[in-house]
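See below for the structure under consideration.
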Amino acid sequence: MATTFAATTLLLLLILLSGGGGGQANNREPFACVEDNSMPFCHTNLPIKDRVADLLSRLTLREKVGLLVSSAGSVPRLGIKSYEWWSEALHGVSNVGPGTKFGGAFPGATSFPQVITTAASFNTTLWEAIGRAVSDEGRAMYNGGAAGLTFWSPNVNIFRDPRWGRGQETPGEDPIVAAEYAARYVRGLQGDHEERLKVAACCKHYTAYDLDNWNGVDRFHFDAKVSKQDMEDTFDVPFRACVEQGKVASVMCSYNQVNGVPTCADPNLLRGTIRGAWGLEGYIVSDCDSVGVFYENQHYTSTAEEAAADAIKAGLDLDCGPFLGTHTEQAITRGLVKESHIDNALVNTLTVQMRLGMFDGQPSAQPYGNLGPMDVCTPPHQELALEAARQGIVLLKNQGPVLPLSPRRHKTVAVIGPNSDVTETMIGNYAGVACAYVTPLQGIERYAKTIHKQGCLDVHCIDTGLFDGAVEAARQADATVLIMGLDQSIEAEFRDRIGLLLPGQQQELISRVASASRGPTILVLMSGGPIDITFAKNDPKIASILWVGYPGQSGGAAIAEVLFGTHNPEGKLPMTWYPEEYLKNLPMTAMSMRPSHSTGYPGRTYRFYKGPVVYPFGHGMSYSSFVHTLIDPPTLISIPLTGDNAHNASVAGRAIKVTHATCNKLSLTLNVDVRNDGSRDGSHTLLVFSNPP
Numbered sequence: 004m005a006t007t008f009a010a011t012t013l014l015l016l017l018i019l020l021s022g023g024g025g026g027q028a029n030n031r032e033p034f035a036c037v038e039d040n041s042m043p044f045c046h047t048n049l050p051i052k053d054r055v056a057d058l059l060s061r062l063t064l065r066e067k068v069g070l071l072v073s074s075a076g077s078v079p080r081l082g083i084k085s086y087e088w089w090s091e092a093l094h095g096v097s098n099v100g101p102g103t104k105f106g107g108a109f110p111g112a113t114s115f116p117q118v119i120t121t122a123a124s125f126n127t128t129l130w131e132a133i134g135r136a137v138s139d140e141g142r143a144m145y146n147g148g149a150a151g152l153t154f155w156s157p158n159v160n161i162f163r164d165p166r167w168g169r170g171q172e173t174p175g176e177d178p179i180v181a182a183e184y185a186a187r188y189v190r191g192l193q194g195d196h197e198e199r200l201k202v203a204a205c206c207k208h209y210t211a212y213d214l215d216n217w218n219g220v221d222r223f224h225f226d227a228k229v230s231k232q233d234m235e236d237t238f239d240v241p242f243r244a245c246v247e248q249g250k251v252a253s254v255m256c257s258y259n260q261v262n263g264v265p266t267c268a269d270p271n272l273l274r275g276t277i278r279g280a281w282g283l284e285g286y287i288v289s290d291c292d293s294v295g296v297f298y299e300n301q302h303y304t305s306t307a308e309e310a311a312a313d314a315i316k317a318g319l320d321l322d323c324g325p326f327l328g329t330h331t332e333q334a335i336t337r338g339l340v341k342e343s344h345i346d347n348a349l350v351n352t353l354t355v356q357m358r359l360g361m362f363d364g365q366p367s368a369q370p371y372g373n374l375g376p377m378d379v380c381t382p383p384h385q386e387l388a389l390e391a392a393r394q395g396i397v398l399l400k401n402q403g404p405v406l407p408l409s410p411r412r413h414k415t416v417a418v419i420g421p422n423s424d425v426t427e428t429m430i431g432n433y434a435g436v437a438c439a440y441v442t443p444l445q446g447i448e449r450y451a452k453t454i455h456k457q458g459c460l461d462v463h464c465i466d467t468g469l470f471d472g473a474v475e476a477a478r479q480a481d482a483t484v485l486i487m488g489l490d491q492s493i494e495a496e497f498r499d500r501i502g503l504l505l506p507g508q509q510q511e512l513i514s515r516v517a518s519a520s521r522g523p524t525i526l527v528l529m530s531g532g533p534i535d536i537t538f539a540k541n542d543p544k545i546a547s548i549l550w551v552g553y554p555g556q557s558g559g560a561a562i563a564e565v566l567f568g569t570h571n572p573e574g575k576l577p578m579t580w581y582p583e584e585y586l587k588n589l590p591m592t593a594m595s596m597r598p599s600h601s602t603g604y605p606g607r608t609y610r611f612y613k614g615p616v617v618y619p620f621g622h623g624m625s626y627s628s629f630v631h632t633l634i635d636p637p638t639l640i641s642i643p644l645t646g647d648n649a650h651n652a653s654v655a656g657r658a659i660k661v662t663h664a665t666c667n668k669l670s671l672t673l674n675v676d677v678r679n680d681g682s683r684d685g686s687h688t689l690l691v692f693s694n695p696p
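In the working numbering, the protein residues as written are 4 to 696.
See below:
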C-alpha cells in the first residue's frame with residue numbers, strides 16, 4: 004500500500020481558516036487618530052517611517068518616558084489612549100498577562116495542544132496553521148476590547164535539561180527543529196502582509212534561559228556560563244531564525260545573566276546580535292521586571308538610574324514593568340543616558356504599533372478589522388486543535404501489537420489514573436479559557452463501556468487507599484487504560500522537577516493494576532517533560548505505552564481515536580527520555596552542551612549525549628510499517644570555495660581549509676523512497692540527521 008499523508012484534512016482546514024470574518028461585536032475604543040486625524044502621524048498614505056518621526060517630534064520627554072513601559076500611558080492632547088503591551092498566545096490566546104480578559108462576547112478561545120506536543124508532529128504546515136488560527140482569535144478579541152495585539156509568544160528556548168519546568172512550552176531539544184517551529188509559528192501569527200501585521204509575535208527568552216528554580220538557584224540570580232560555540236550552534240539558532248526567517252516583530256531578553264552580564268543590559272546581545280547581526284525590524288522587550296531584577300536581585304548596578312540607562316543603551320526598547328517609567332527621567336538628568344536613546348527605543352515600538360494599524364483610526368477600518376466573536380472557537384479552529392492533538396501523540400511501545408483496541412472485542416475498558424478525567428491539565432501552562440473540553444474518559448466512552456477509577460487522588464499519588472478499587476476494575480474489564488503522568492503542580496514556571504521518575508506511588512499503582520488486568524494494559528502518559536518509565540518499558544504485562552504531552556482541549560478525543568485505531572499515530576519524541584541515572588552529579592546550572600571525558604560530564608541532548616536512554620529523540624511508532632530506501636546516494640559533494648580557491652571542488656574524502664569554504668551555501672540533495680508496508684493508511688515524518696566533521 005502506498006504511503007498516504009494526512010494532508011487533505013489539513014488543507015481543508017487551511018482553506019476554512021482563511022475565510023471571511025464574522026465579527027459583529029466591535030466595541031473597542033479607537034486607540035488614536037479619530038477626533039483629530041489631520042496630524043501627519045495619522046495619515047495612512049504616508050510611509051510609516053515618516054508617521055513615526057512626526058509623532059516623536061510632538062511628544063514631550065515625560066510623555067516619551069510614559070511609553071517605555073508595558074502599561075503604556077496615554078497622551079490625551081494627541082488623542083492617544085493608554086495601551087497594555089502584555090498579552091500571551093503560546094498555544095491559543097492566553098489569560099496570562101493583563102492585556103487579555105475573557106468574558107462577555109469572548110468566554111473562551113481555542114486551546115491548542117501545549118507546544119511540546121505540537122512539536123512532536125514534526126509538521127511545519129500544522130505549526131503555521133495553528134499560528135493563523137490563534138492570531139485570527141487574538142485580533143478578533145482585540146477588536147472586541149478583550150486583548151492586545153502584542154503577544155509575547157512563542158517560547159523558543161532549547162529544552163536543554165529534562166528537569167526544566169518550562170520545557171513543555173518549547174519545541175524540544177533540537178535547535179534546528181526549534182528554529183523551524185519559531186519561524187513557522189511566527190509567520191502564522193503575524194500574517195502574510197509584508198508591512199502590516201495581524202498581531203505582533205515575540206520570541207523569548209533570549210538567551211540561555213532554561214532554569215527556573217533548582218536546588219536553591221533561581222532565574223533571578225543565575226549566571227549562565229556559556230561557550231561561544233554553544234551560543235552559536237545551540238542557543239542562538241532558534242532566535243536567529245525568528246528574526247531572519249520569521250521576521251518577528253519582537254524579541255524578549257531574559258532574567259538571567261550570561262557570562263556575568265544581564266541579558267537585558269548586554270549591548271553585544273541586544274544591539275550587536277539581535278538588531279545588528281540579525282537585523283531585527285521591531286522592538287526588544289524585557290521579561291517582566293527583569294530590569295528591576297538585575298538592579299535589585301543581581302546588584303549589577305549601584306543605582307536604579309544606572310540600571311535604566313544600561314538597559315536602554317544596550318538596546319532595550321520596552322520594559323515589562325514600571326522600572327523605566329520610574330527611573331529614566333532622572334537617568335537623563337544625571338547624564339547617564341540621552342533623550343536620543345529614548346527616541347531610538349520609541350521608533351521601534353511605535354513602528355510596530357503603526358504596522359498593526361493602531362494609528363489608523365477606527366478598528367473596523369484597520370486591516371483585519373472585520374474579525375469578531377464569531378471568529379473565536381470556530382468549528383474549523385476546534386477541529387484543528389483536535390488534529391494537532393492527534394498528530395502529536397507518540398506511540399512508544401506496542402507489544403503484540405495490542406493497539407489498536409477493537410470496540411467489538413474490548414467492550415468494557417477500565418479507565419484508571421489521576422489524569423483520566425482531567426480538563427485544565429490537558430492544556431498545560433500559558434493557556435487561556437478553552438472553548439470546551441473532551442477528557443480522556445469522555446473520549447473512551449465513545450468507543451466502549453467504561454469502569455472509571457482514579458487510583459490516586461492526584462498526580463502526587465501519596466495515598467494508596469484507592470488502589471484496590473483500581474485493581475478490581477482491571478480484573479473486570481476487557482482492557483485497561485492507565486492515564487498517569489504529571490501536571491503543573493510538578494512542572495511549571497518557577498517549578499523545576501527534582502527527578503525523572505513518576506511522582507509518589509504512581510509506579511506501584513501501574514504495576515499492580517497491570518499484574519491484575521484481565522485484558523491488555525495500556526499506559527498513557529500526560530507530561531511536558533520526559534519520564535523514566537524503564538519499569539513499564541520492560542514489563543510484559545504493559546503491552547503499549549502512549550505519550551500525549553498536554554494535548555489541548557480536545558486531547559481526550561484524540562487519545563481515544565489513537566487507542567481504538569480511528570487515527571494511526573505518527574508523532575515522534577522532540578526530546579530524549581533519559582534514565583534517572585543520567586541526572587547523577589549533573590547540576591542544572593552546568594550549561595555546556597558537549598560531554599567531557601576527563602570529568603565524566605555526559606553532555607546534553609541527543610546531539611552530544613551518547614549514553615543509555617529510555618527512549619531516544621525522534622522515537623515514535625505507528626500501526627503501519629514504513630520502509631526507507633535511499634535512492635542514488637551522492638558520492639561527491641560540491642563545496643563552494645572562496646579567495647584564490649574560488650571554484651567548486653568535488654570532494655571525496657580529502658580535506659579543505661575551513662577558511663576557504665563557504666559552507667553556508669552547501670546543499671545536499673537526498674532522494675528517499677518511503678513505502679508503507681502496513682495494512683493501514685498513515686502519515687510518516689522522515690527525519691534526516693547530518694553529522695558534521
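C-beta: ideal position from N, C-alpha, C; glycine also.
All values derive from a computational prediction rather than experimental measurement.
Proximity of residue i and residue j at Cβ, strictly below 8 Å
i, j, result
"L192", "A92", "yes"
"P619", "Y609", "yes"
"D320", "N351", "yes"
"R607", "D164", "yes"
"D481", "V418", "no"
"G555", "I430", "yes"
"V617", "Y581", "yes"
"I396", "I562", "yes"
"P325", "F297", "no"
"P33", "P270", "no"
"L503", "D535", "yes"
C-alpha distance - residue i paired with residue j, whole-angstrom precision
i, j, result
"F109", "R166", "36 Å"
"N216", "P590", "12 Å"
"Q697", "R393", "Outside the displayed span of the chain (4 to 696) sits residue 697, for which this structure offers no information."
"A123", "P572", "11 Å"
"A268", "Q260", "9 Å"
"Y258", "Y612", "28 Å"
"S641", "S670", "8 Å"
"H631", "L389", "29 Å"
"G621", "W88", "37 Å"
"L273", "L71", "16 Å"
"A649", "A280", "Residue confidence is low: A649 scores 49 on pLDDT, short of 50, so the model does not pin down where it sits. No coordinate-derived value is stated."
"R169", "I634", "41 Å"
"L398", "K540", "12 Å"
Cβ neighbours of residue i in the same chain (closer than 6 Å, five flanking residues each side left out)
i, result
"M594", "A227, K228, V229"
"G488", "N422, L528, M529, S530"
"Q248", "A186"
"S682", "none"
"E494", "G168, R500, G531, G532"
Cutoff 7 Å; reference residue i; Cβ partners in own chain excluding five residues on either side
i, result
"N160", "T173, H208, Y212, D213"
"A655", "For A655, the predicted structure reports a pLDDT of 49, less than 50, and the residue's modelled location is therefore unreliable. A value from the coordinates is still provided. Around A655: T638, L639."
"F242", "V159, C206, Y209, T210, V254"
"C720", "It is not possible to answer for residue 720, since the shown part of the chain is limited to 4 through 696."
"S627", "N571, N679, G681, R683, G685"
"L512", "G458, C459, C464, F470, A473"
Pick from the options that is closest to residue i, judged by C-alpha positions
i, options, result
"T688", "G100, E583, G574, S627", "G574"
"Q301", "R683, R190, T266, F223", "F223"
"C256", "K231, F225, V288", "V288"
"G111", "H455, P506, G435", "G435"
"T331", "A476, I634, V68", "V68"
"E448", "D424, T672, P382", "D424"
"Q333", "D346, N373, E309, P410", "E309"
"F162", "T336, P577, D535", "P577"
Residues that DSSP places opposite residue i in a beta bridge
i, result
"E342", "The partner list for E342 (beta bridge, DSSP) is empty, contrary to what the question assumes."
"T415", "K452"
"R431", "The question names Arg, yet the displayed sequence has Gly at residue 431. None; G431 has no bridge partner."
"H631", "V677"
"S90", "F154"
"G488", "M529"
Neighbourhood of residue i by C-beta, 8 Å cutoff - its chain only, sequence neighbours within 5 removed
i, result
"V474", "R515, V516, A519"
"G282", "V246, E247"
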